[in-house]
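*Asks:*
Numbering (full-length UniProt numbering), first residue to last: 1 to 114.
1. Can you tell me which residues form a DSSP beta bridge with residue 58?
2. So who's on the other strand from residue 32, going by DSSP bridges?
3. How long is the line joining the alpha carbons of residue 50 and residue 112, rounded to whole angstroms?
4. So what's residue 109 in DSSP terms, helix, strand or just coil?
5. Whose CA, out of 85, 59, 44 and 53, lies closest to the CA of residue 66?
6. Nearest by alpha-carbon distance to residue 41: which of 63, 69, 25 and 64 is it?
7. Rank 78, 47, 71 and 54 by C-alpha distance to the C-alpha of residue 61 and give the top, closest one.
8. Look up residue 26 in the DSSP assignment and say whether it is helix, strand or coil.
9. Are there 16 or more other CB atoms within 10 angstroms of the CB of residue 34, so buried, or fewer, so exposed?
10. Please report the residue range of the beta strand (DSSP E) in which residue 91 lies.
11. Near residue 64, what residues of its chain come up, given a Cβ to Cβ distance below 6 Å and the 5 sequence neighbours on each side ignored?
Following this line, the structure appears as structure tokens:
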């Protein structure tokens, strides 16, 4: 008998790539303000950004060191795997001890999501 395909589970409260509408993340995995030291906001190249613990349907670049306003970070650029639109950065390593809490999170530009 042929195998029946099960539908993939729906992602609650999805956020999609503004260019192609591919699902990228969910508002449910945004890092809450209470978990952010000094409750500061994040800025990307296109404006406001937020940290997310999970991303889907993305491609990561090779890691590189970038100098940000909070110091040097090793990061990977995040692009949509469907349309190659720039979405943000994955923070691999923070070189300043006070910024290490960001490691492993994905900083997505809110202007790039729908």
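Don't be surprised by glycine CBs; every beta carbon is placed ideally from N, CA and C.
Predicted, not measured: the structure shown is a model, and the values here were computed from it.
*Replies:* Considering the structure as presented:
1. Per DSSP, 80.
2. DSSP output for residue 32 lists no bridge partner at all.
3. Between residue 50 and residue 112, the C-alpha separation is close to 11 Å.
4. Judged by DSSP in its simplified three-state form, residue 109 adopts strand.
5. Nearest of 85, 59, 44 and 53 to residue 66, Cα basis: 44.
6. Comparing C-alpha distances from residue 41 to each of 63, 69, 25 and 64 shows the shortest one belongs to 69.
7. Minimum Cα-Cα distance from residue 61 among the listed residues 78, 47, 71 and 54 corresponds to 78.
8. DSSP places residue 26 in strand when its eight states are reduced to three.
9. Residue 34 comes out exposed.
10. First-last of the beta strand (DSSP E) with residue 91: 86-94.
11. Listed in chain order, the non-local C-beta contacts of residue 64 below 6 Å within the same chain number zero, local neighbours out to five positions each way being set aside.
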